[in-house]
Ligand SMILES: Nc1ncnc2c1ncn2[C@@H]1O[C@H](COP(=O)(O)OP(=O)(O)OP(=O)(O)O)[C@@H](O)[C@H]1O
Ligand SMILES: [Mg+2]
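Protein chains in written order, with the numbering used here: chain A, 1 to 510; chain B, 1 to 364.
Encoded structure:
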């Protein structure tokens, strides 16, 4: 009995797409097993099958050598399988403890009894250094914290097989490091871990073996120590991937966008969320806002785009003041926005892909006449973008966006925003959740956007991306810009110091 | 074989919708049958078939019953598509009704050829106004529309009683005055075509409304915006859609439809229905909710579920031929309706069940 989990010849078909095609995955006890594949390769689907959310059309699952039928997540729980989903499944107005016990509540005389549960939660969180307050509400805690809740949820149910679906996409580098440590600890205790991630160095760091999927098919399983990053990337996309982007020297022109003396006061305290922000972006330039998550980047972008109203400060696009423009007017004036939260702001999940691709432009003559939608051009538009940006989904323009894979949802937003050819493209973590091939592609797109004489304002938490793509770096710390540096004249160490607030540079509008 | 059939109808989302509606209706009927068996076991089976099928011999009456609830169903369903739960169709209907009666009784200066039309429009405008108020409160004051529409129901109810008692009172019959001949919605021969019953042009108006709402929702930029707001307010804001306007407009249209329903009920002759002073909300207003639920808020679904309910109520009338107390019949018909609606709330579950059956068959 060597394997704790065996998924043998699993096939799962959705309308128009074979998400899994005869895939085999075998997990040993105490190993960290990475699952690697392009966006839409079928990773989440395979794990959803193991967790009982989908039934396979074909194939069998063995747990500890015995064939089992996993009809729903409760069955999975009983078999010791737990999962942290790509998009968390927590009840926002419940407390941490309530979320963890949900479905397994202890009741006494019909009343919810949480004392013992809280004790167990505290014990687990101490043991694995997963700091949480069981009594906080989910809506009040950070994304990293929410993930800890999801992990505790698995541990609370005594899971022995832990599935992590892209856990690091939403974490800061520090949080990622902690998570990796915890995973190793789990493995040392004999728990088995399945880790989905697009970041190859994470696989290199923690995983023992790695199974690669491509377009629903299993390509093979390798020992991580025996292969290079390049080989893994190649197995995954089926061609060579260059990790370093080929960047021409920028040819900068006039100023496109300027922010002057921008302030934003926090809604429920005296604290300034944005404190006297001044910067500009020129034609042919990619300006990157770097910083540790939660230092005001989100607020800055929301203020610029108009999602959050503000009182003090001015915005200029092409020399014209746009401070008080409505969101639509800003969009029409030439601002594109790839938002941070793709499910909340970027997409109407229950609309199909074609409908989502006209979200800001449905009223333009191209797509309507006398108030009637021109479906043929709406779908032609969608087909063109699907082709150009390689968006992969079962039913093409008719795919309901909710059913698309996370990375392909992201590609849809990028396609929509870049296709309008905005003078200023604001991209907030545009490559979050994308596979290496797609990241390479998006970086190329950002660069060609800039080479076409447009401006790009990029917000990124990934130092790699910051160093590779940008022409100028602004660092944000506690709501202020603390550095304005060129990538050639700095390094990751120095950026780290700025980001941690232990160093300040000169910041002036160039 | 069965699995094949199920597979066939579950191929696309539409088919899932249709089949879950049908399944809901079937379970509602079975639930009704159980009540019949409990209350009158001997006659339960023939009575059961009577309630389902006898309506077919009386299409005219069925259409007459269906006319206003198609409109209130559309009212609730349209609001629902845009993310709003309009419980206020009853109030909007009554305010519409009183406006129609007022114009029908008082505005005798109108040319008789368009008198009824103006009365009908007055009902629409009044209903729209009544819907707009909770719309404004929701959009600009963040008052939940359920609370606001319930309150508007009661304000509307007392306003209507006042109007009936002090302005439009028919002393002899203790009810609202009958509208002038010229304000009665014309028949254009529909009553003859469908036999017994009172089918008038109101039925055609309800059909036209179904079509218009269908077109608005699925073909226009206006519908695109409204649905986007209903599905995801934050994304709509991001896209530059004015979600506040959307909310108000959706409630205006929703109220307008309910107001028209009021006109189709009360713009009739001496033998038709009249508003009483007993201070109850007209039931067609609330029937809109199960109609919209069973029809899954789709205009065509609403049309069919309203016709189904018409059939059921007319069948209930014939059930009186058996030994059932009229109250029991009422209980039975409304149980069937509300149980069906309830089942729809578990649509997701039904879909899952289908898929499971499907899967087993593939393996076995
Ligand atoms: N419920 C569903 N209905 C229809 N198609 C689906 C459904 N779930 C997934 N798919 C399709 O199956 C394919 C695989 O999706 P899956 O979510 O497993 O990809 P993934 O490997 O997790 O990708 P990503 O890295 O982008 O998250 C995609 O083409 C997706 O559109
Ligand atoms: Mg996925």
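No residue lacks a Cβ here, since even glycine has one placed at the ideal position from N, Cα and C.
Check                                                                                                                                                                        : Outcome
At the 8 Å Cβ level, is residue 510/A part of the contact set with chain B, yes or no?                                                                                       : With a pLDDT of 49 at residue 510/A, under the threshold of 50, the predicted position of this residue should be treated as unreliable, though the coordinate-derived value follows. Cβ-Cβ to chain B under 8 Å: no for residue 510/A.
On the premise that residue 374/A lies in contact with residue 421/A, defined as a C-beta separation below 8 Å, what is that separation, rounded to the nearest angstrom?    : Not confirmed; about 21 Å, so no contact.
Near residue 32/B, what residues of its chain come up, given a Cβ to Cβ distance below 8 Å and the 5 sequence neighbours on each side ignored?                               : 48, 51, 332, 333, 335, 336 and 339
Please decide whether residue 298/A counts as near chain B, where near means a Cβ-Cβ distance under 8 Å.                                                                     : no
Taking DSSP's pairing of strands, which residues face residue 12/A in a bridge?                                                                                              : 20/A
Considering only residues of the same chain and omitting the five flanking positions on each side of residue 251/A, which have a CB-CB separation below 6 Å?                 : 284
From the DSSP output, in three-state form, read off residue 372/A for me.                                                                                                    : strand
With a CB to CB cut of under 6 Å and the five nearest residues on each side skipped, what residues in its chain are close to residue 506/A?                                  : none
In or out: residue 226/B buried (at least 16 other Cβ within 10 Å) or exposed?                                                                                               : buried
Taking only the alpha-carbon atoms, compute the straight-line gap between residue 9/A and residue 238/A and give it to the nearest angstrom.                                 : 22 Å
Alpha carbon to alpha carbon, what distance is there between residue 15/A and residue 397/A?                                                                                 : 13 Å
I'd like the ranges of any alpha helix (DSSP H) spanning at least 4 consecutive residues and lying wholly in the region 177-258 of chain B.                                  : 190-193, 201-219, 221-231 and 233-238
Tell me whether residue 448/A is buried or exposed, calling it buried when 16 or more other Cβ atoms sit within 10 Å of its Cβ.                                              : exposed
Please check if any C-beta of chain B sits within less than 8 Å of the C-beta of residue 429/A.                                                                              : no
Determine, using beta carbons only, whether residue 328/A comes closer than 8 Å to chain B.                                                                                  : yes
Tell me which same chain residues have a C-beta within less than 6 Å of the C-beta of residue 498/A, skipping the five on either side of it?                                 : 475, 482 and 483
Against chain B, with Cβ distances strictly below 8 Å, would residue 385/A count as a contact?                                                                               : no
Run down chain B in chain order and give the residues with a C-beta less than 7 Å from the C-beta of residue 334/A.                                                          : Per Cβ cutoff of 7 Å: no residues; residue 334/A is ~13 Å from chain B at best.
Excluding sequence positions up to five away, which residues of its chain have a Cβ less than 6 Å from the Cβ of residue 311/B?                                              : 55 and 62
So the candidates are 328/B, 166/B, 57/B and 113/B; which of them puts its Cα closest to the Cα of residue 380/B?                                                            : No information on residue 380/B is available, as it lies outside the stretch 1 to 364 that chain B covers here.
I'd like to know whether the C-beta atoms of residue 452/A and residue 401/A end up nearer to each other than 8 Å.                                                           : no
Between which two residues does the beta strand (DSSP E) harbouring residue 104/B extend?                                                                                    : That residue, residue 104/B, is in no beta strand (DSSP E); its alpha helix (DSSP H) goes 89-106.
Here's a check: name, in chain order, each residue in its chain whose Cβ is nearer than 8 Å to the Cβ of residue 57/A, leaving out the five neighbours to either side.       : 11, 12 and 13
Does chain B have any CB closer than 8 Å to the CB of residue 372/A?                                                                                                         : yes
Could you compute how far the alpha carbon of residue 138/A sits from the alpha carbon of residue 100/A?                                                                     : 11 Å
With a threshold of 8 Å on Cβ separation, who are the neighbours of residue 237/B within its own chain once the five nearest residues in sequence on each side are excluded? : 243
Quick check on this structure: which residue in 210/A, 230/A and 228/A has the alpha carbon closest to the alpha carbon of residue 221/A?                                    : 210/A
Taking the CB atoms as reference points, tell me whether residue 457/A and residue 424/A lie closer together than 8 Å.                                                       : yes
From this set, 149/A, 236/A and 213/A, which residue's C-alpha is nearest residue 92/A's C-alpha?                                                                            : 149/A
Got a sec, what are the start and stop residues for the beta strand (DSSP E) residue 294/A sits in?                                                                          : Residue 294/A -> no beta strand (DSSP E), and no H or E assigned at all.
List in chain order the residues whose CB is within less than 5 Å of at least one heavy atom of ligand 1.                                                                    : 14/A, 17/A, 19/A, 39/A, 40/A, 41/A, 42/A, 43/A, 44/A, 45/A, 393/A, 394/A, 403/A, 404/A, 405/A, 406/A and 407/A
Cα separation between residue 81/B and residue 75/B?                                                                                                                         : 10 Å
Let me check you understand the geometry: is the CB of residue 390/A closer than 7 Å to at least one non-hydrogen atom of ligand 2?                                          : no
Among the residues of its own chain, which have a CB less than 8 Å from the CB of residue 345/A, if the five just before and after it don't count?                           : 307 and 339
Would you grab the beta carbon distance between residue 313/A and residue 260/A for me? Rounded to a whole angstrom, and I think it's under 8 Å.                             : 6 Å
In chain A, which residues lie with their C-beta within 8 Å of the C-beta of residue 231/B?                                                                                  : 348, 349, 350 and 351
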